[in-house]
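Engineer:
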Amino acid sequence: MNEDNFYTKKLKQKQAILAPMAGYTDAPFRYLANSYGSAWTVTEMVSAKALVNGNLQGVEIAAAYKNEKDLVIQIYGREPELLTEAGQILFEKYQPKALDLNMGCPVKKIVSKGMGSSLMQEPELAAKIVNNLVNKVKIPISVKMRLAYKDKTAAGIIQKLEDAGASLIAIHARTAEQKYTGEANWQEIVKLSKLVKIPIVGSGDITSQAEFENYSKQGLGIMIARASLGKPWIFASLRGAAEPSKKEIAKICFKHAVLHCAWYQNIGLNEKQSMQKFRSKLLAYLVFLEDKSEFRHMDSLDNLRQFINSYFNLEIQESDINTKPMQRKL
Ligand SMILES: Cc1cc2nc3c(=O)[nH]c(=O)nc-3n(C[C@H](O)[C@H](O)[C@H](O)COP(=O)(O)O)c2cc1C
131 MNEDNFYTKK LKQKQAILAP MAGYTDAPFR YLANSYGSAW TVTEMVSAKA LVNGNLQGVE
191 IAAAYKNEKD LVIQIYGREP ELLTEAGQIL FEKYQPKALD LNMGCPVKKI VSKGMGSSLM
251 QEPELAAKIV NNLVNKVKIP ISVKMRLAYK DKTAAGIIQK LEDAGASLIA IHARTAEQKY
311 TGEANWQEIV KLSKLVKIPI VGSGDITSQA EFENYSKQGL GIMIARASLG KPWIFASLRG
371 AAEPSKKEIA KICFKHAVLH CAWYQNIGLN EKQSMQKFRS KLLAYLVFLE DKSEFRHMDS
431 LDNLRQFINS YFNLEIQESD INTKPMQRKL
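Its first residue numbered 131, the sequence shown is counted upward by one per residue in this note's numbering.
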């Protein structure tokens, strides 16, 4: 039996996990997911190279709140030394509870450089990366991958990663070639979980409490990605909490907007730029509105607040949302 670590302790609580999503799982969204009971949250994938070379964008993606709970940072790259150095920098800067290696990204720009899911073609290299990280960064190291990349399957790799010291493996239940098409194959995830002693976390298409409970009972951890967009309360819903009303959703949406603008202000985005960046997130919350034309002009928090207050008959003030405890960890 493996000794207890951050991941095994958290998994015992049987809560779903916020999956990494580039462009979405920034600190404000992680905070919201956390507040609804996500077991842990994973950052967007951070380039080890950009980080080590001092490219601020790379650091920005991993940036965390000062006392951020249950933070896992995902990194990508292919050079073991570079990844170890990146892991050390991230550990010192943000004290994450664990680091996760990306072996699942199917995007051409990444796989053409031998990173992301294409690392599945090189199990020895992947094991070396994991082993170096395990030896140099004293927190659990996990890996997130796909069911397969070309002819290389997760079944042929996960034991090697376990032997290299990985503490957990998350698997998106599709092949890299499938990208996001077709159905997630959870039967395969169940089979894979029998091959190793470390926990397996499945990812793909889970939206309901019944599915969550079914796979949870089979000993799997469950990650939620797209179903949490505009719905951070899904982590509570999967454990039986009532769905929020439309009014409550509007309030959560406004809270997210305030946290978002406060967060991006720190990297020099003004409110208008922050609100532009928030637009796709806003639409995900208010998807039930028939007329979304208003959103095109929504370039300040005050616009959004006024719209929400008049449409939903509310009296929200910006000052209702306390962003003070959420300082950046710089
Ligand atoms: C917009 C978007 C960005 C993603 N970015 C990442 C990423 O940075 N790292 C990663 O391992 N997976 C990433 N994924 C994959 C998700 O973590 C997840 O495995 C996948 O979306 C399937 O889960 P779902 O059906 O719950 O969305 C991303 C998915 C989406 C939709």
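Where a beta carbon is used, it is the ideal one built from N, C-alpha and C, also for glycine.
1. What would DSSP say about Thr171, mapped onto helix, strand or coil?
2. Three-state secondary structure (DSSP) at Glu448?
3. Does DSSP classify Leu231 as helix, strand or coil?
4. Can you tell me the Cβ-Cβ gap for Ala303 and Glu318, rounded? I've got them flagged as a contact below 8 Å.
5. So, Ala163 versus Tyr195, is the Cβ gap smaller than 8 Å?
6. State yes or no: is the C-beta of Gly153 nearer than 7 Å to some heavy atom of ligand 1?
7. For Ile205, which residues does DSSP report across the bridge?
8. Out of Arg276, Glu252, Lys199, which one is the CA nearest neighbour of Pro236?
9. In chain order, what are the residue ranges of uninterrupted alpha helix (DSSP H) at least 4 long that sit wholly in the region 257–336?
10. Would you say the beta carbon of Ala357 is closer than 7 Å to some non-hydrogen atom of ligand 1?
11. Does the beta-carbon distance from Gln218 to Lys266 come in below 8 Å?
12. Straight-line CA distance for Ala178 to Asp200?
13. Taking its Cβ as the centre, do 16 or more other Cβ atoms sit within 10 Å of Ile397, making it buried, or is it exposed?
14. Apart from the five residues just before and just after Lys309, which ones in its own chain have a Cβ nearer than 8 Å to its Cβ?
15. Need the endpoints of the beta strand (DSSP E) that Ile352 sits in, please.
16. Quick one: measure Cβ to Cβ for Gln348 and Val388, integer angstroms, because I've assumed they're closer than 8 Å.
Structural biologist: Concretely, from the data shown:
1. strand
2. helix
3. strand
4. 6 Å
5. no
6. yes
7. Val176, Leu231
8. Arg276
9. 288–293, 316–323
10. yes
11. yes
12. 21 Å
13. exposed
14. Pro236
15. 351–354
16. The pair is not a contact, with the Cβ atoms about 40 Å apart (cut-off 8 Å).
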